[in-house]
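Please read the structure below before turning to the comments.
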Amino acid sequence: DNTDAKKVTVEIDGKKKRTGGPSHKKSVVTTHLDLPREFAKCKEENKTRLDLAKSNISLVPASIKELTQLTELYVYSNRLAVLPNEIGGLSNLMTLSLSENVLTSLPDSLANLRQLRVLDLRHNRFPEIPPVVYTLTSLTTLYLRFNRIKEVGNEIGNLARLTNLSIRENNITSLPPSIGNLTGLVTFDMSYNQLETIPPEIGECTQLLTLDLQHNKLANLPDSIGNLVHLTRIGLRYNRLSFSSIPCSLAKCNALEQFNVENNLISSLPEGLLSSLENLTQISLSRNQFSNFPPGGPAQFINTVVLNMEHNQCDRIPYGIFSRANHLQKLNMKENILTSLPIGGVTLECCERNIGLISNVIFVLDIGTWHSVVELNFGTNQIQKLPDDIACLSNLEVLILSNNLLRKLPSNIGQLQKLRILDLEENKLDIIPNEIGRLRELQKLILQSNNLSQLPRAIGQLSKLEYLTVGENLISLLPEEIGSLESLESLYINDNPHLQSLPFELALCSKLEIMSIENCPLNQIPAEIVAGGPSLVIQVRSRYIFRPLTTINHLYIFLYIITQFLKMQGPYRTM
-16 DNTDAKKVTV
-6 EIDGKKKRTG
4 GPSHKKSVVT
14 THLDLPREFA
24 KCKEENKTRL
34 DLAKSNISLV
44 PASIKELTQL
54 TELYVYSNRL
64 AVLPNEIGGL
74 SNLMTLSLSE
84 NVLTSLPDSL
94 ANLRQLRVLD
104 LRHNRFPEIP
114 PVVYTLTSLT
124 TLYLRFNRIK
134 EVGNEIGNLA
144 RLTNLSIREN
154 NITSLPPSIG
164 NLTGLVTFDM
174 SYNQLETIPP
184 EIGECTQLLT
194 LDLQHNKLAN
204 LPDSIGNLVH
214 LTRIGLRYNR
224 LSFSSIPCSL
234 AKCNALEQFN
244 VENNLISSLP
254 EGLLSSLENL
264 TQISLSRNQF
274 SNFPPGGPAQ
284 FINTVVLNME
294 HNQCDRIPYG
304 IFSRANHLQK
314 LNMKENILTS
324 LPIGGVTLEC
334 CERNIGLISN
344 VIFVLDIGTW
354 HSVVELNFGT
364 NQIQKLPDDI
374 ACLSNLEVLI
384 LSNNLLRKLP
394 SNIGQLQKLR
404 ILDLEENKLD
414 IIPNEIGRLR
424 ELQKLILQSN
434 NLSQLPRAIG
444 QLSKLEYLTV
454 GENLISLLPE
464 EIGSLESLES
474 LYINDNPHLQ
484 SLPFELALCS
494 KLEIMSIENC
504 PLNQIPAEIV
514 AGGPSLVIQV
524 RSRYIFRPLT
534 TINHLYIFLY
544 IITQFLKMQG
554 PYRTM
């Protein structure tokens, strides 16, 4: 009976070999329509909607002119290079979808489509906005995304009924002043172009709710941007904006819910800007030149849910900056130069929690006020110590502290009862406290690249742990309690030069699928680990196993694993 046999794969050099079996890739079905028949049926049944999408069409017959009852025509995802002039005879057409073809121009006869409301020209090869488009004054929605357009003509101002305009992913360097004629615009997407300036007339588009200008070359914004008081989102990331190019008038756009200036040249913001934008819930200032938090104090984060300041030059978090941030859930301070988490001097009467005495001055650790925080990312900083009152973060689920200078963890870290992910990679830890076992919700524990010589026995209490990596340490022995990790799927113990054996209790980890033992001088692998249970990938390195005879034990291990394969009655994957 081989029903319990385990499938075992040895990955040499970490390269997983491709195995046979059926492909699950979806095949593309090409339909060849009988267009004259489709047209006849449409006319006979007096249909107002005709869908010819994804039909491998390269030519639309002139007989389409007979379908004058049509109000909707969908011809997207075909191979059309031209349209017949006769399409201009569809005088009742309100929606025309031509996206994902190879069109470079449109017939002038389209000017006859006086009732056209929606025109979709995305993903074609237009070198310019076809002149006939500027005559379609009934348009409310115009999509020109992903073409080869370099210029927007001043005639765009003719389309005064537009509410939705997308010209993203082209090569446009400027917008004409007539853009201000589009006073009914609700969404305007000019992202992924080459824009260097925005005309002040944009301030006339006072109905705008979303304005996407990200991924351009903007070095400044007009003061008139402050007239767009209904904006809920303005996308400014990946431009060339600096502190001086952020207008103070932006503070009037107090309906904004998202403010994203990621990857610019900004070192600060106008004082009080963020606190004026009282509906902001998501703020991203990442990848700029901030050395301090923006001026404005705690008031600027009252309604903030997500704050991202990754990849700046901040060396501290001001004490009390989040004292009013009752909704803050995610804080990302990765890749700054923080050396510690915030502390501040206070009077004795204020001290109700953990107190530290430093040079006879009393300090309260401010982190204890961040009660609503769910996710903290302090990776790639210079933090040497965690404050004891990190335990106050009772709702914390994700804590990332990788690539810092931590030497130990506070014992009360076990009070983070909701923690699911703990990342401590690349620190200087030489011990993990037993209290780690109290993190009963922990699913992912990353201890890679530290100075650990052992793991606490309490690690066996982490019944929900799925992913454990302790590679690149100094571990000489794994505790037998590791066999209690009933949810463990991936175990990385690679590059531990003192690890010579594995506990047979690992066989009790019934869900284990990946075990990396690369560069470990193992003398044996208990047979129980590779016998029975689910499939298992054991990662080794050929350059490590095939050494001179002085390391014959390593060759023995490789042969031992193969022997276990051959003893198994069930199938196993190729090595």
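In terms of the numbering used here, the numbers along the sequence shown are unbroken and rise by one, the last being 558. The beta carbon of each residue, even a glycine, is placed where N, CA and C say it ideally should be. Note that this is a predicted model, so its numbers are computed, not measured.
- Whose C-alpha, out of Leu324, Asn502, Ser467 and Glu496, is nearest the C-alpha of proline 486? Ser467
- Round the Cβ separation of serine 228 and leucine 204 to the nearest angstrom and send it over; I've been treating them as touching at under 8 Å. 6 Å
- From the DSSP output, in three-state form, read off serine 227 for me. helix
- Message: Considering Cα atoms alone, identify which of Arg131, Glu496 and Leu389 is closest to leucine 407.
- Response: Leu389
- Straight-line gap, threonine 124 to proline 160 (C-alpha atoms, nearest Å): 20 Å
- Beta-ladder partner(s) of glycine 72, from DSSP: Beta-bridge pairing links glycine 72 to no other residue.
- Query: Using a Cβ-Cβ cut-off of 7 Å (strictly less than) and excluding sequence neighbours within five positions of glutamate 187, which residues of its own chain qualify?
  - Reply: Gly163 and Thr166
- Query: glutamate 179: which of Leu214, Phe361 and Lys133 sits nearest, CA to CA?
  - Reply: Lys133
- Mark aspartate 206 as exposed unless 16 or more other C-beta atoms lie within 10 angstroms of its C-beta, in which case mark it buried. exposed
- Item | Proximity of isoleucine 208 and asparagine 176 at Cβ, strictly below 7 Å | no
- valine 356 beta carbon less than 7 Å from that of leucine 324: no
- Query: Between isoleucine 70 and isoleucine 112, what straight-line distance do the alpha-carbon atoms span, to the nearest angstrom?
  - Reply: 19 Å
- Task: Within its chain, find whatever has a CB closer than 7 Å to the CB of leucine 311; leave out the 5 residues flanking it on each side and keep chain order.
- Result: Phe284, Thr287, Val288, Leu290, Phe305, Trp353, Ser355 and Val356
- Just how far apart, CA to CA, sit glutamine 507 and leucine 460? 13 Å
- Item | Alpha carbon of glutamate 49 to alpha carbon of aspartate 195, nearest angstrom | 41 Å
- Task: Report yes if the CB atom of glutamate 409 is closer than 7 Å to the CB atom of serine 385, and no otherwise.
- Result: yes
- Can you name the start and end residues of the beta strand (DSSP E) that arginine 32 belongs to? 32 to 34
- Query: Of the residues Glu240, Arg270 and Ser274, which one's Cα is nearest the Cα of serine 251?
  - Reply: Ser274
- Between leucine 53 and threonine 31, is the Cβ-Cβ spacing less than 7 Å? yes
- Leaving aside the five residues before and after glycine 362 along the sequence, list all residues of the same chain whose C-beta is less than 8 Å from its C-beta, in chain order. Lys317, Glu318, Ile383, Leu384, Ser385, Asn386, Asn387 and Asp406
- Message: Quick check on DSSP: helix, strand or coil for isoleucine 383?
- Response: strand
- Query: With a Cβ-Cβ cutoff of 7 Å, do lysine 447 and glutamine 426 count as a contact?
  - Reply: yes
- Classification of glutamine 197 by the beta-carbon crowding that lies within 10 angstroms, buried from 16 upward: buried
- How is glycine 136 classed by DSSP in three states: helix, strand or coil? coil
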